[in-house]
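A.B. asks:
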Amino acid sequence: MLSVRTGLIRHCGKDGEELKETPAAYFGADLKRIVSEAYNVERPNASIPIHFIRTKGGVAVIGAATIRPSSLTARVEERNLHVLVFARHLTPRLVTNLSKIYRIDGLALNSERDKKKLNVPLTDVSGRNIAFLSWPSKLPGSRSFLAVRTQLAVGCAILALFLAAIGVVGFVIIRKLREDEARSRHKALHDSLTGLSNRAALVEHLQGAVERADGSFIYLYLVDLDGFKGVNDTWGHAAGDSLLVAVAHKLRAELPPHALIARLGGDEFAIVTVGDRQLLEETDISESIQRVVSAEFALHGRLIQVGGSAGVSGAKDIDTQVGELMRTADVALYQAKDLGRGRTVIYEQALDAKRREQAILEHQLRRTLTRDGIDVHYQPLVDADSFAIRGVEALARWNSATLGTVRPDIFIPLAEKAGLIDTLGMQVIEKAVAATAQWGRIEVCVNVSPLQLQDQNFVRRVAATLDKAGFDPSRLTLEITEGVLIARPEHAHRAIDALKSLGVKIALDDFGIGYASIGALRKFGFDRMKIDKSLVSELEVDRKAPGIFQATVALANALEIPVTAEGIETNSQALIARHCGCDLLQGYLFSQPVTAEEISVQYFNVTQDSVSTDAEEFLPTSSAARSTKAVATSVDANI
Ligand code: C2E
Ligand code: MG
Ligand code: MG
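Numbered per this note's numbering, the sequence shown spans residues 72 to 710.
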């Protein structure tokens, strides 16, 4: 059996054993002609060509047939077909048998025409006589030359039938092979979990559309589920798998039948539409995608809802390169995630420039971190009554030699995305612990990213840092945002418990801008709550704001959880916050975040090199800090 496309021999056997030489050497040049006669694309039902051939083993009858699918649905590309070739030698034994069956005594196979006998020529694929079956004319079998000719024709037909029989056996084998091939092809092109196409099928589909080049427009959508990891972590992998299957089914049900839907792995899906640009744009695929991914799915006895981000890129088939289309759709997807997820972004060239900028920024941040180059500034937390300093919040600062000052709301999310947040976070903790060690017993607050809490080693590393610096754990407060409580509640609980068992305190940062409830404060055992500065800034703007603010603080206080108000910029904000029950205040009214050196000088009258006192409480001493005192006096005067 040999491949039509490559001419490669898949198998070649003789008398049940592998043929020792190449078929071309054994059969000669005629083999090629017989094979190409058998492979006739125009006539799929063409009959099997049967000829005689001279091989190294003698004269043989040879037949060849192309193996084609038996049903119209099983489409196999012409170039992937195989040709099956059978040959049987006209051995002396076979000739004797023919002689007996047809009662032609003296039947013999000769290479030349025997002029004294009756002869039937055996012709090859070119119609040349390569041998003769001859027999004596006087013998009974030769009574009628015509009759013998007919019988010989019958003999040849029997040979053909014999070949056909072998063909049937071969066909059964081949059909099985073909079914296996179809099965493995299906497997190779489909995702086993969802039954959707896989990445290979997607690429093949895109490649096909590009090669057809019939003026169609190609759109590629890449879709990523938001919060899928949370489903896996919270409800287990079985729930995650069920969600993927449910999303796949819903995509199939909601998207037009001509759309190819693929799962590329994990929670990433892709959709391809090919056709008339205007018609494609009329069917709003983006909207359907968003509807599907944000739907509620009833799985494992609960309702699960995630969301999804999508990136889309489109081009005319002749302008399309599959790799480029995938890249641009991916850039758009990245942007959709960057913009806060739950949306679809269409690729445009400006996104490339943005991505390059991000790459440069990430590279620089990586370099800065390897050189321990992130600075830490400190912002005082002051007592709401006396305005004496009670603590500081450590805030990461990045002054890049090439990029200038980069804001934390740029580089912290970047560090999270680039997997650098663990390193950055630990550097901040280490620096904060070292810098504040000699500031008496004031509290040191350090922000911790939700991703840091997911790091198995985080608690151990914090313990080691405190231990090494001889820092009292009860002076350290780690500020976490609610994101961690929602994404991985059990995990957050464990990490918080472990940190608390070290003696470290945990504060809930930025309360009021998300979904976290006062109940969460109790459930997770927070030691403190920080009201977000956006609520503070509303105090003087919105009439209802002070009431809401007061109720929030009162609820926390009822649970014996102290509250810090951040972002205090005016006297009245400080006044209201104090009256509402906040015990600590933080904001520009008191001080901007400043260097450790400035805090030391302003509040503790020491430089970082000299050793401080063990005073219980510190009051501002420098001119900047004296102005804090003045604020206190003016606030008191207003009461
Ligand atoms: P945050 O933890 O809520 O920190 C308070 C932010 O409010 C700081 O911004 C601070 O400079 C600013 N702020 C303080 N007082 C006032 C005020 O009176 N008015 C206004 N408008 N703003 C005030 P910053 O330093 O830009 O930090 C922004 C955020 O970046 C922080 O918010 C925190 O979530 C994050 N961050 C900073 N450093 C780190 C860090 O080391 N690790 C982690 N994971 N996040 C950090
Ligand atoms: Mg904070
Ligand atoms: Mg905050």
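Where is the CB? At the ideal position from N, CA and C, for every residue including glycine.
Predicted, not measured: the structure shown is a model, and the values here were computed from it.
Kindly examine ligand 3 and report whether one of its heavy atoms sits closer than 6 angstroms to the Cβ of Gly553.
C.D. replies: Position 482 of the sequence shown, counting from 1, holds the residue named residue 553. Per the sequence presented here, residue 553 reads as Glu, with Gly not at that position. Glu553 Cβ: outside cutoff for every heavy atom of ligand 3.
A.B. asks: Are the Cβ atoms of Leu522 and Ile492 separated by less than 7 angstroms?
C.D. replies: As a working mapping, residue 522 is identified with position 451 in the sequence shown. As a working mapping, residue 492 is identified with position 421 in the sequence shown. Yes, these two residues count as a Cβ contact at 7 angstroms.
A.B. asks: CB Cys651 to CB Val607, shorter than 7 angstroms?
C.D. replies: Working through the sequence shown from its first residue, we reach residue 651 at position 580. Working through the sequence shown from its first residue, we reach residue 607 at position 536. It is not a contact, given that the beta carbons lie outside the stated cut-off.
A.B. asks: Taking 6 angstroms as the cut-off, does the CB of Asp603 come closer than this to any heavy atom belonging to ligand 2?
C.D. replies: On the sequence shown, position 532 is the one that residue 603 refers to. Not so, every heavy atom of ligand 2 lies at least 6 angstroms from the Cβ.
A.B. asks: As a quick exercise: from Ile551, Pro560, Glu553 and Glu501, pick the residue whose alpha carbon is nearest that of Ala534.
C.D. replies: On the sequence shown, residue 534 is found 463 positions in, with the first residue counted as 1. Comparing Cα positions, the closest option is Glu501.
A.B. asks: Report yes or no: do three or more beta-carbon pairs, one from the segment 541-549 and one from the segment 507-520, lie closer than 8 angstroms?
C.D. replies: Contact holds: three or more Cβ-Cβ distances are below 8 angstroms.
A.B. asks: Return the Cβ separation of Asp580 and Glu550 in integer angstroms, given the expectation that the two are a contact with Cβ distance under 8 angstroms.
C.D. replies: Counting from one through the sequence shown, the residue named residue 580 turns up at place 509. Counting from one through the sequence shown, the residue named residue 550 turns up at place 479. Between Glu550 and Asp580 the Cβ distance is about 4 angstroms, and since that is below 8 angstroms, they are a contact.
A.B. asks: Would you check if the segment 307-319 and the segment 419-429 touch, i.e. whether three or more CB-CB distances between them fall below 8 angstroms?
C.D. replies: Result no; under three Cβ-Cβ pairs closer than 8 angstroms.
A.B. asks: Beta-carbon within less than 7 angstroms of Tyr97's beta-carbon, same chain only, minus the 5 sequence neighbours each way: which residues are those?
C.D. replies: As a working mapping, residue 97 is identified with position 26 in the sequence shown. Leu90, Thr126 and Lys127, listed in sequence order.
A.B. asks: On the three-state DSSP scale, how would you describe Leu180?
C.D. replies: Taking the sequence shown and counting its residues from 1, one reaches residue 180 at position 109. In this structure, Leu180 counts as strand in the three-state DSSP scheme.
A.B. asks: Can you tell me which of the three DSSP states Cys651 falls into?
C.D. replies: By 1-based counting over the sequence shown, the position of residue 651 is 580. Of the three classes helix, strand and coil, the one that applies to Cys651 here is helix, per DSSP.
A.B. asks: Assign Ala284 to one of three DSSP states: helix, strand, or coil.
C.D. replies: In the sequence shown, residue 284 corresponds to position 213, counting from 1. The answer is coil: DSSP assigns Ala284 none of H, G, I, E or B.
A.B. asks: Use the C-beta contact count for Gly84: other C-beta atoms within 10 angstroms, 16 or more gives buried, fewer gives exposed.
C.D. replies: Start at 1 with the first residue of the sequence shown, and residue 84 comes out as number 13. Per the 10 Å Cβ criterion, exposed.
A.B. asks: Answer yes or no: the CB of Asp355 versus the heavy atoms of ligand 2, is any distance below 6 angstroms?
C.D. replies: For the purposes of this step, residue 355 is taken as residue 284 along the sequence shown, with counting starting at 1. The answer is no for Asp355.
A.B. asks: Any idea what DSSP makes of Ala489, helix, strand or coil?
C.D. replies: Here residue 489 refers to the residue found at position 418 when the sequence shown is read from its first residue. Coil.
A.B. asks: Is Asn518 a contact residue of ligand 2, with contact defined as CB to any heavy atom under 6 angstroms?
C.D. replies: Reading the sequence shown from its first residue, position 447 is the one you call residue 518. It does: the Cβ of Asn518 is within 6 angstroms (strictly closer) of some heavy atom of ligand 2.
A.B. asks: Below 8 angstroms on the Cβ atoms is my guess for Val316 versus Leu264; work out the distance and round it to an integer in Å.
C.D. replies: Residue numbering aside, residue 316 sits at position 245 when the sequence shown is read from its first letter. Residue numbering aside, residue 264 sits at position 193 when the sequence shown is read from its first letter. Indeed they touch by this definition, with Cβ atoms about 6 angstroms apart.
A.B. asks: Using only CA atoms, which one of Leu351, Ala627 and Leu296 lies nearest to Gly411?
C.D. replies: Walking along the sequence shown from the start, residue 411 turns up at place 340. Closest option to Gly411, Cα to Cα, is Leu296.
A.B. asks: Assuming Val363 and Val318 form a contact by the criterion Cβ under 8 angstroms, report the distance between their Cβ atoms to the nearest whole angstrom.
C.D. replies: Residue 363 sits at position 292 when you count from the first residue of the sequence shown. Residue 318 sits at position 247 when you count from the first residue of the sequence shown. The Cβ separation is near 6 angstroms, so the contact holds.
A.B. asks: On the CB-based measure, 16 or more other CB atoms within 10 Å of its CB, does Asp195 come out buried or exposed?
C.D. replies: Counted from its first residue, the sequence shown places residue 195 at position 124. Buried: at least 16 other Cβ atoms inside 10 Å.
A.B. asks: Would you mind sorting Arg373 into buried or exposed? The rule is 16 or more other CB atoms within 10 Å of its CB.
C.D. replies: Counting from 1 along the sequence shown, the entry for residue 373 is found at position 302. It is exposed - the Cβ of Arg373 has fewer than 16 other Cβ atoms within 10 Å.
A.B. asks: Can you grab the Cα-Cα spacing for the pair Ala645 / Ala467, in whole Å?
C.D. replies: Locating residue 645 in the sequence shown gives position 574, where the first residue counts as 1. Locating residue 467 in the sequence shown gives position 396, where the first residue counts as 1. So the two alpha carbons sit approximately 25 angstroms from each other.
A.B. asks: Identify, in the order they occur along the chain, each residue of the same chain with its Cβ nearer than 7 angstroms to the Cβ of Thr552, setting aside the five sequence neighbours on each side.
C.D. replies: In the sequence shown, the residue the question calls residue 552 occupies position 481. Counting only Cβ-Cβ distances below 7 angstroms, and skipping sequence neighbours, we find Pro521, Asp580 and Asp581.
A.B. asks: Near Pro327, what residues of its chain come up, given a Cβ to Cβ distance below 7 angstroms and the 5 sequence neighbours on each side ignored?
C.D. replies: Counting from one through the sequence shown, the residue named residue 327 turns up at place 256. Only Thr354 meet the Cβ criterion.
A.B. asks: So what does DSSP say about Trp510, is it helix, strand or coil?
C.D. replies: Taking the first residue of the sequence shown as 1, we reach residue 510 at position 439. Here Trp510 sits in coil by DSSP.
A.B. asks: Whose C-beta lies closer than 6 angstroms to the C-beta of Glu339 among residues of the same chain, with five residues either side of it excluded?
C.D. replies: Locating residue 339 in the sequence shown gives position 268, counting from the first residue. These residues qualify, in order along the chain: Asp295.
A.B. asks: Among the residues of its own chain, which have a CB less than 8 angstroms from the CB of Met600, if the five just before and after it don't count?
C.D. replies: The sequence position of residue 600 within the sequence shown is 529, counting from 1. Around Met600: Ala578, Leu579, Phe582, Leu592, Ala627, Ile632, Pro633, Val634 and Thr635.
A.B. asks: Measure how close the beta-carbons of Phe19 and Val504 come, nearest whole angstrom, since I'm counting them as under 8 angstroms.
C.D. replies: Because residue 19 is not part of the residues shown, which for the chain are 72 to 710, the question remains open.
A.B. asks: So the candidates are Arg104, Ala424, Ile244 and His329; which of them puts its Cα closest to the Cα of Ala403?
C.D. replies: One-based indexing of the sequence shown puts residue 403 at position 332. The option with the nearest alpha carbon to Ala403 is Ala424.
A.B. asks: For Leu410, does the three-state DSSP call read helix, strand or coil?
C.D. replies: Against the sequence shown, residue 410 aligns to sequence position 339. Reduced to three states, the DSSP call for Leu410 is coil.
A.B. asks: Within the continuous beta strand (DSSP E) that includes His448, where are the two ends?
C.D. replies: Counted from its first residue, the sequence shown places residue 448 at position 377. Where His448 is concerned, the enclosing beta strand (DSSP E) stretches over Asp446 to Asp454.
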